[in-house]
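Comments concern the structure below.
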Amino acid sequence: MIQLDAKHPPTPRVVKMRWPVLMVWLIPVAAVGVAGYYVYAYLQDHGTQITVRFNDGDGLRPGQTMVVHLGVQIGQVEEIELSPDQKQVLVHIRLLRNAEAFAKKGTLFWVIRPELTLSSISGLGTIVSGPVIDSSPGDGDRVSEFIGLEHAPAALEPGLTITLHAVRFQRLQPDSAVYYRGFQVGVVQSIQLSDDAAGVKIQVFVNRRYAPLVRSTSIFWFVSGFDVKGGILTGIQMKLESLRSVLAGGLAFATPEKNIGEPAADGADFPVYEEPQPEWSNWAPRIALPPDETPADQKPPGSPLTQIMASPAGK
């Protein structure tokens with residue numbers, strides 16, 4: 007039995023644990039190394055930040071909305087804010103490192119949302135995923151600010167752009183088809199009042215391969231879609247165009263055989279007639295077209311018109 011001296015209690019012995027100096031610094035050094043790795047990986051994958059101005063930012067989400075080209079992601083929306091004048095939306099985009107070509111002058115950006123029009127249904131894939139920003143690369147100097155388009159451009163490939171002038175607006179809309187002998191060769195890009203408000207100005211794009219068909223003597227008219235004319239004595243003439251032209255309207259043109267004229271210059275102006283003359287549909291000048299270099303899997307389907315004619319002469 008151990009006797010304790012109440013006047014002189016035993017002093018406890020404290021043993022201090024000492025960490026080696028290397029162990030003390032190992033944890034923070036490892037943390038810095040891990041953080042550095044993630045920063046390096048981020049910089050490897052992420053490139054330039056650009057800003058695109060849109061009139062509407064509905065559906066765009068920071069950290070979620072992708073920026074794509076040909077269906078492949080090239081960046082992501084990082085931040086969205088109002089412009090200083092509160093009239094536009096500034097969308098800050100972080101491009102991937104291998105997408106520097108999209109930070110050059112001439113690059114186009116537009117938002118793809120679900121859209122239902124008289125002529126088409128588009129953007130259905132964004133119903134679940136939300137809107138995405140599509141793009142087309144530029145080839146100019148390096149820039150960081152862009153103006154976003156309200157709609158997808160009607161055409162991105164080279165071609166002929168001309169302006170048509172009409173007295174009044176007919177059933178027509180952007181992306182309406184332009185036909186030559188029943189085959190679609192172009193699209194309507196925009197419609198607006200003329201500068202003096204005395205008529206309507208229609209900008210049309212014709213595919214490069216079919217640009218030689220547009221001559222200085224060509225005549226344009228509105229495609230009405232469905233038309234019935236005639237009487238008891240003159241017979242009935244019925245004309246049924248394609249479903250697309252019935253819903254969204256369209257334009258057609260022809261060139262006289264005896265006066266083909268010169269190829270139309272880019273930016274040329276033409277009048278538009280409300281109805282075609284019977285002989286216009288019979289014009290069939292021989293105009294050589296360049297070979298079609300579009301890959302078979304990238305060719306859009308043709309858009310022929312179906313015409314049913316019933317006249318006293320049986321034509």
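For the sequence shown, my numbering gives the first residue as 7, with consecutive numbering after it.
Each residue gets a CB set at the ideal place from its N, CA and C atoms; glycine is no exception.
Since this is a predicted model, take the numbers as computed values, not measurements.
- With a contact defined as Cβ atoms closer than 8 Å, lysine 207 and threonine 167 miss out at about 13 Å.
- In the assembly as shown, valine 117 is a buried residue. Its beta-carbon has 16 or more other beta-carbons within 10 Å.
- By alpha-carbon distance to aspartate 64, the top candidate from Ile139, Arg100, Gln195 is Ile139.
- Taking alanine 183 as reference, the option from Ala258, Gln55, Asn265, Asp272 with the minimal CA-CA separation is Ala258.
- By DSSP's assignment, serine 142 forms a beta bridge with Leu114.
- Nearest neighbour of leucine 155 by Cα position, chosen from Ser142, Arg148, Ile86, turns out to be Ser142.
- Distance between glutamate 151 and phenylalanine 60, taken at the CA atoms: about 11 Å.
- A check of alpha carbon separations from glycine 205 across Glu281, Val173, Asp145 identifies Val173 as the nearest.
- C-alpha of arginine 119 to C-alpha of arginine 292: approximately 43 Å in a straight line.
- As the crow flies, the alpha-carbon of histidine 98 is around 28 Å from that of serine 196.
- Burial is judged here by how many other beta carbons sit within 10 angstroms of a residue's own beta carbon; serine 224 has at least 16 and is buried.
- Residue Lys110 holds the alpha-carbon nearest to the alpha-carbon of isoleucine 153 among Gly165, Tyr185, Lys110.
- For the set Pro34, Phe226, Ala271, Leu88, the Cα lying nearest the Cα of proline 277 is the one of Phe226.
- Within its own chain, the residues whose Cβ lies closer than 6 Å to the Cβ of serine 200, once the five positions on either side in sequence are excluded, are Lys207, listed in chain order.
- Put simply, of Gly144, Leu101, Gln94 the residue whose alpha carbon is nearest the alpha carbon of isoleucine 80 is Leu101.
- Secondary structure note for arginine 221: it is in no beta strand (DSSP E), with a DSSP letter that is neither H nor E.
- Ranked by Cα distance from alanine 105, the options Val74, Gly165, Glu87, Gly112 are led by Val74.
- In terms of CA proximity to lysine 264, Arg221 leads the group Arg221, Pro282, Gly53, Tyr185.
- The three-state reading of DSSP puts valine 38 in helix, counting H, G and I together.
- Rounded to whole angstroms, phenylalanine 115 and valine 83 show a C-alpha spacing of 12 Å.
- In this structure asparagine 213 is buried. Its beta-carbon is surrounded by 16 or more other beta-carbon atoms within 10 angstroms.
- A distance below 8 Å separates the beta carbons of valine 191 and leucine 219.
- Residue state for phenylalanine 108 is assigned as helix, using DSSP reduced to three classes.
- Between the alpha carbons of tyrosine 279 and glycine 146 lies a distance of about 40 Å.
- Straight through space, the alpha carbons of glutamine 198 and asparagine 288 are spaced by roughly 31 Å.
- Distance between glycine 165 and glycine 53, taken at the CA atoms: about 33 Å.
- Among the bridge pairs identified by DSSP, alanine 260 is matched with Ile225.
- Under the DSSP assignment, glutamate 87 falls in the beta strand (DSSP E) whose first and last residues are 78-88.
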